[in-house]
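Number of protein chains: 2
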Amino acid sequence: MIELQDVTKRYVVGREEISVLQDVTLTIHDGAFVSIMGPSGSGKSTMMHIMGCLDVPSSGRYLLDGRRMDELSPTEMAHVRNRKIGFVFQNFHLLPRMTALQNVELPMAYAGVGRAKRRKEAERRLAEVGLENRLTHLPSALSGGQRQRVAIARALVNEPSVLLADEPTGALDSSTGQDIMSLFQSLNKTGVTVVVITHDPSVAEYAGRMVRLFDGRIVADHVAGGS
Amino acid sequence: MIELQDVTKRYVVGREEISVLQDVTLTIHDGAFVSIMGPSGSGKSTMMHIMGCLDVPSSGRYLLDGRRMDELSPTEMAHVRNRKIGFVFQNFHLLPRMTALQNVELPMAYAGVGRAKRRKEAERRLAEVGLENRLTHLPSALSGGQRQRVAIARALVNEPSVLLADEPTGALDSSTGQDIMSLFQSLNKTGVTVVVITHDPSVAEYAGRMVRLFDGRIVADHVAGGS
Ligand SMILES: Nc1ncnc2c1ncn2[C@@H]1O[C@H](COP(=O)(O)OP(=O)(O)OP(=O)(O)O)[C@@H](O)[C@H]1O
Ligand SMILES: Nc1ncnc2c1ncn2[C@@H]1O[C@H](COP(=O)(O)OP(=O)(O)OP(=O)(O)O)[C@@H](O)[C@H]1O
Ligand SMILES: [Mg+2]
Ligand SMILES: [Mg+2]
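One line per chain: the protein sequences are R and Z, in this order. If you want our numbering, it's the position in the first sequence, counting the first as 1, plus 2. If you want our numbering, it's the position in the second sequence, counting the first as 1, plus 2.
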């Protein structure tokens, strides 16, 4: 379960202080499928980085499965992240000098998975996103959408219980995008909690609930029709 | 005028040779507004990089305003690029240790524009894309959509005669995206040739002509209603 309680995030730029998240309170239950929408700069990625234990609130609390994440040491936090959370970054963050296959194997290497199993699982996930014939390409030799799909495959390899995806179809044509969303839907059906940031209404439709951010505040929280 | 004549682009990966563009012939007249669509990996960015003098064909010819670009020296090519072409990259390619303002000033610095004029023009273009209060932010302190808008402002500062934009609204919510497209439309009305790659049909609607790529080949070329 994901619980944000009165979360605020502030940055200091020069003499100014900017609040990019303000009093955000949000609970997402296990197995839910939630979409997050809102204008550019409204705080969506900032909120998801906190959910993914990649950033900490300036004030307020973040609890994952009942435990306060701000009380963990950096090593414990990295352990939770590697075992529970799959993260698809808005900018992909692929390692430039590793191939598509090596990028997807990396989270498993951290988790201590053996070489043969790592390779087999990475190949399976890359085939699942349509990249079976790009395994040996470096990110610089892939198209924008192909890099995004490598980032998606990497987020899935450790069988996370929570999948956090920041604009996962932003670089994809609509039919490839729909393929990715049906993959997320089938994961959700097996019990994975899925949270997706999107600007695309047809992507948001896959979720049972839609949360809208504006200027750092939650301004809407709709349960979609009967999901 | 942009003229691609029997352009092929091939890469060698290991022992394999991949053709990512095949026999592409395309003429775009001055002042046109053209959109390019096609699945992820179909060759859109590769084609636009050739149009923007950032890459060369493996075979075939590329002519810009009647001159063969493959006969130019690298310095001449850089000069043509800086004076005639505004390019919005799919991955933005902002310089990480420069502020939004400095990134947008850079093309003018290359073109020898004075300091005061540079600053004034960069501020104007950043305000035009809604970022007047993010001038001193580094790219790492901007959201995905804000970085994309900095990249758009940078492409416009040298008053290019050709604007090449690779998924310019991919990281933007639909209302911010529409703002950017109406900006492009008003530039086009002043005579700027605009070529936009997009996966979004509502973006493609701004163009008078739509070219569709599939597996490296042009498979459709529609003139939109009337314009
Ligand atoms: N340096 C390279 N070496 C080998 N293959 C490459 C290289 N660069 C690109 N490719 C391949 O060229 C093909 C076309 O890439 P391109 O970036 O033009 O696609 P695109 O249509 O822009 O796709 P997207 O919508 O995903 O951005 C892809 O299949 C990609 O893997
Ligand atoms: N390190 C930082 N310092 C100062 N401001 C920052 C920093 N990082 C982000 N911001 C600001 O925080 C705000 C929220 O950013 P965030 O990335 O969460 O937006 P977003 O909703 O994901 O937008 P987009 O749809 O464009 O990706 C933005 O206005 C941005 O400028
Ligand atoms: Mg974002
Ligand atoms: Mg591309």
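Beta carbons: idealized from backbone N, C-alpha and C, even for Gly.
When DSSP builds the beta bridges, which residues end up paired with residue 223 (chain Z)?
Position 221 of the second sequence, counted from the start, is the residue given in the question as residue 223 (chain Z). Z:213, per the DSSP bridge assignment.
Once the 5 residues before and after residue 12 (chain Z) are set aside, which same chain residues still bring their CB inside 6 Å of it?
Your numbering for residue 12 (chain Z) matches position 10 in the second sequence. So the qualifying residues of the chain are 19, 21, 60.
What are the residues in the segment 97-128 of chain Z lying within 9 Å of chain R by C-beta distance?
none
Sequence ranges, alpha helix (DSSP H) only - wholly within the segment 51-133 of chain Z, length at least 4:
76-86, 102-112, 117-130
At which residues does the beta strand (DSSP E) containing residue 6 (chain Z) begin and terminate?
On the second sequence, position 4 is the one that residue 6 (chain Z) refers to. Looking at the DSSP string, the run of the beta strand (DSSP E) that includes residue 6 (chain Z) is 4-15.
Could you confirm whether any beta carbon from chain Z is found closer than 7 Å to the beta carbon of residue 24 (chain R)?
Within the first sequence, numbered from 1, the residue matching residue 24 (chain R) stands at position 22. For residue 24 (chain R), the answer is no, since every Cβ of chain Z falls outside 7 Å of its Cβ.
Alpha carbon to alpha carbon, what distance is there between residue 134 (chain R) and residue 146 (chain Z)?
Taking the second sequence and counting its residues from 1, the one referred to as residue 146 (chain Z) is at position 144. Taking the first sequence and counting its residues from 1, the one referred to as residue 134 (chain R) is at position 132. Distance between the alpha carbons of residue 146 (chain Z) and residue 134 (chain R): 29 Å.
Give the single residue among R:40, R:38, R:28, R:47 whose Cα lies nearest to the Cα of residue 66 (chain R).
Locating residue 66 (chain R) in the first sequence gives position 64, where the first residue counts as 1. For residue 66 (chain R), the nearest C-alpha among the options comes from R:28.
Three or more C-beta pairs under 8 Å: does that hold for the segment 67-74 of chain R against the segment 144-160 of chain R?
no
Which partner residues does residue 35 (chain R) have in the DSSP bridge list?
Locating residue 35 (chain R) in the first sequence gives position 33, counting from the first residue. In the DSSP output, where bridge partners are listed per residue, residue 35 (chain R) has R:196.
Under a three-way DSSP split, which group does residue 181 (chain R) fall into?
For the purposes of this step, residue 181 (chain R) is taken as residue 179 along the first sequence, with counting starting at 1. Three-state DSSP puts residue 181 (chain R) in a helix.
Could you work out which residues of chain Z lie near residue 93 (chain R), taking near to mean beta carbons separated by less than 7 Å?
Working through the first sequence from its first residue, we reach residue 93 (chain R) at position 91. Neighbours of residue 93 (chain R) on chain Z, chain order: 146.
DSSP has residue 168 (chain Z) in a bridge; who is on the other side?
Position 166 of the second sequence, counted from the start, is the residue given in the question as residue 168 (chain Z). Its beta-bridge partners are Z:199.
Proximity below 7 Å, CB of residue 55 (chain Z) to CB of residue 36 (chain Z)
Taking the first residue of the second sequence as 1, we reach residue 55 (chain Z) at position 53. Taking the first residue of the second sequence as 1, we reach residue 36 (chain Z) at position 34. Result no, Cβ atoms of residue 55 (chain Z) and residue 36 (chain Z) do not sit closer than 7 Å.
Does the distance from the C-beta atom of residue 211 (chain R) to that of residue 225 (chain R) stay below 7 Å?
Start at 1 with the first residue of the first sequence, and residue 211 (chain R) comes out as number 209. Start at 1 with the first residue of the first sequence, and residue 225 (chain R) comes out as number 223. The answer is yes: Cβ separation under 7 Å.
According to DSSP, simplified to helix, strand and coil, what is residue 19 (chain Z)?
Within the second sequence, numbered from 1, the residue matching residue 19 (chain Z) stands at position 17. DSSP places residue 19 (chain Z) in strand when its eight states are reduced to three.
With 9 Å as the limit, tell me which residues of the segment 161-174 of chain Z have their beta carbon closer than that to any beta carbon of chain R; keep them in chain order.
168, 169, 171, 172, 173, 174
Whole angstroms is fine: what's the gap from residue 180 (chain R)'s alpha carbon to residue 38 (chain R)'s?
The residue you call residue 180 (chain R) lines up with position 178 of the first sequence. The residue you call residue 38 (chain R) lines up with position 36 of the first sequence. Looking at the two C-alpha atoms, the distance is approximately 17 Å.
Tell me whether residue 143 (chain R) counts as near ligand 1, meaning its Cβ is closer than 6 Å to at least one heavy atom of that ligand.
Locating residue 143 (chain R) in the first sequence gives position 141, counting from the first residue. At least one heavy atom of ligand 1 is nearer than 6 Å to the Cβ of residue 143 (chain R), so yes.
Return the Cβ separation of residue 32 (chain R) and residue 3 (chain R) in integer angstroms, given the expectation that the two are a contact with Cβ distance under 8 Å.
Working through the first sequence from its first residue, we reach residue 32 (chain R) at position 30. Working through the first sequence from its first residue, we reach residue 3 (chain R) at position 1. Indeed, because the Cβ distance is near 6 Å, the residues count as touching under 8 Å.
Short Cβ contact (7 Å threshold) for residue 98 (chain Z) with residue 159 (chain Z):
As a position in the second sequence, residue 98 (chain Z) is number 96, starting the count at 1. As a position in the second sequence, residue 159 (chain Z) is number 157, starting the count at 1. No, Cβ-Cβ distance for residue 98 (chain Z) and residue 159 (chain Z) is not below 7 Å.
Could you name the residues of the segment 10-41 of chain Z whose beta carbon sits closer than 8 Å to any beta carbon of chain R, in the order they occur along the chain?
13, 15, 16, 39, 40, 41
Cα-Cα separation between residue 78 (chain R) and residue 53 (chain R), rounded to whole angstroms
Within the first sequence, numbered from 1, the residue matching residue 78 (chain R) stands at position 76. Within the first sequence, numbered from 1, the residue matching residue 53 (chain R) stands at position 51. Distance between the alpha carbons of residue 78 (chain R) and residue 53 (chain R) is about 15 Å.
When the Cα atoms are used, what is the spatial distance from residue 229 (chain Z) to residue 202 (chain Z)?
Translated into the one-based positions of the second sequence, residue 229 (chain Z) becomes position 227. Translated into the one-based positions of the second sequence, residue 202 (chain Z) becomes position 200. With a pLDDT of only 42 at residue 229 (chain Z), under the threshold of 50, the placement of this residue in the model should not be trusted, and no figure is reported.
Mind checking whether the beta-carbon of residue 46 (chain Z) lies closer than 6 Å to any heavy atom of ligand 3?
In the second sequence, residue 46 (chain Z) corresponds to position 44, counting from 1. The answer is no for residue 46 (chain Z).
For ligand 1, is there a heavy atom less than 6 Å away from the beta-carbon of residue 13 (chain Z)?
One-based indexing of the second sequence puts residue 13 (chain Z) at position 11. Within the cutoff, so yes.
Straight-line CA distance for residue 140 (chain Z) to residue 48 (chain Z)?
If you number the second sequence from 1, residue 140 (chain Z) lands on position 138. If you number the second sequence from 1, residue 48 (chain Z) lands on position 46. Each residue's alpha carbon lies about 29 Å from the other.
Could you spell out where the alpha helix (DSSP H) holding residue 149 (chain Z) opens and where it closes?
On the second sequence, residue 149 (chain Z) is found 147 positions in, with the first residue counted as 1. Its alpha helix (DSSP H) spans residues 146-158.
For a test of your reading of the model: does the CB of residue 204 (chain Z) fall under 6 Å from any non-hydrogen atom of ligand 5? Yes or no.
Judged by which ligands are present, ligand 5 is missing from the structure shown, whose ligands are ligand 1, ligand 2, ligand 3 and ligand 4.
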